[in-house]
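In full-length UniProt numbering, the protein residues as written are 1 to 157.
Every residue, glycine too, gets a C-beta built ideally from N, C-alpha and C.
None of the values given here were measured: they were computed from a predicted structure.
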């Protein structure tokens, strides 16, 4: 068999995976496209290893050994990647990459309900840290479950 056949097939697989990475919005489909690209590289490694083996019979088959290493790393990558995608999907309700901008993004971010610049009681805010409804300026003294949930969300942001 000629070297051109697996090389062309590998190039087509890699281009298909690259298109999937660049065009898809679903995180799981992007991970599948990355796997397709890795398999294209594995096909190239094995094809060139067999082709070079014909020239010299005393080789170590390093292409095949590297392919096994890449398969092991890809399996670990998929395991961790799917765990992250499932955790993000549980927290955010979507796996759409465009909607998952930043994990630290808050509802009162830029152009949010706190104002045009997203500042809520910073040092340059004339209303103070507590806003107009907090006369002593200490917004973190409030009691109740809603206040503690807001404080936890603010501390993690």
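Burial state of residue i (16 or more Cβ within 10 Å)
i          : result
residue 33 : buried
Close-in-space but distant-in-sequence residues of the same chain around residue i (CB under 6 Å, 5 per side omitted)
i           : result
residue 115 : Confidence is the limiting factor: at residue 115 the pLDDT is only 49, short of 50, which leaves the residue's position unreliable, though a coordinate-based value still follows. Within the same chain, residue 115 has no close Cβ partners at all.
residue 45  : 63, 66 and 67
residue 122 : With a pLDDT of only 49 at residue 122, under the threshold of 50, the placement of this residue in the model should not be trusted; the figure read from the coordinates follows. Result list for residue 122: empty, nothing under 6 Å.
Chain-order list of residues whose beta-carbon lies under 8 Å from that of residue i (same chain, five-residue window excluded)
i           : result
residue 51  : 3
residue 13  : 36, 37, 39, 40 and 43
residue 21  : 30, 33, 34 and 37
residue 70  : 38, 41, 42 and 45
residue 185 : With the chain represented from 1 up to 157, any question about residue 185 goes unanswered, as that position is not in the structure.
residue 19  : 33
residue 100 : 27, 88, 92 and 94
Bridge partners - residue i, DSSP secondary structure assignment
i          : result
residue 26 : 96
7 Å Cβ shell around residue i - same chain, five flanking residues per side excluded
i          : result
residue 7  : 44 and 47
residue 77 : none
residue 16 : 36
residue 74 : 35 and 38
Any non-hydrogen atom of the ligand NAD within 7 Å of residue i CB
i          : result
residue 69 : Ligands displayed in this structure: none; no statement on the ligand NAD is therefore possible.
Exercise for review: Please confirm if the segment 80 to 89 is in contact with the segment 39 to 47, defined as three or more CB-CB distances below 8 Å between the two stretches.
Suggested key: no
Check your understanding: So, do the segment 87 to 101 and the segment 16 to 33 have three or more beta carbon pairs nearer to each other than 8 Å?
Key -> yes
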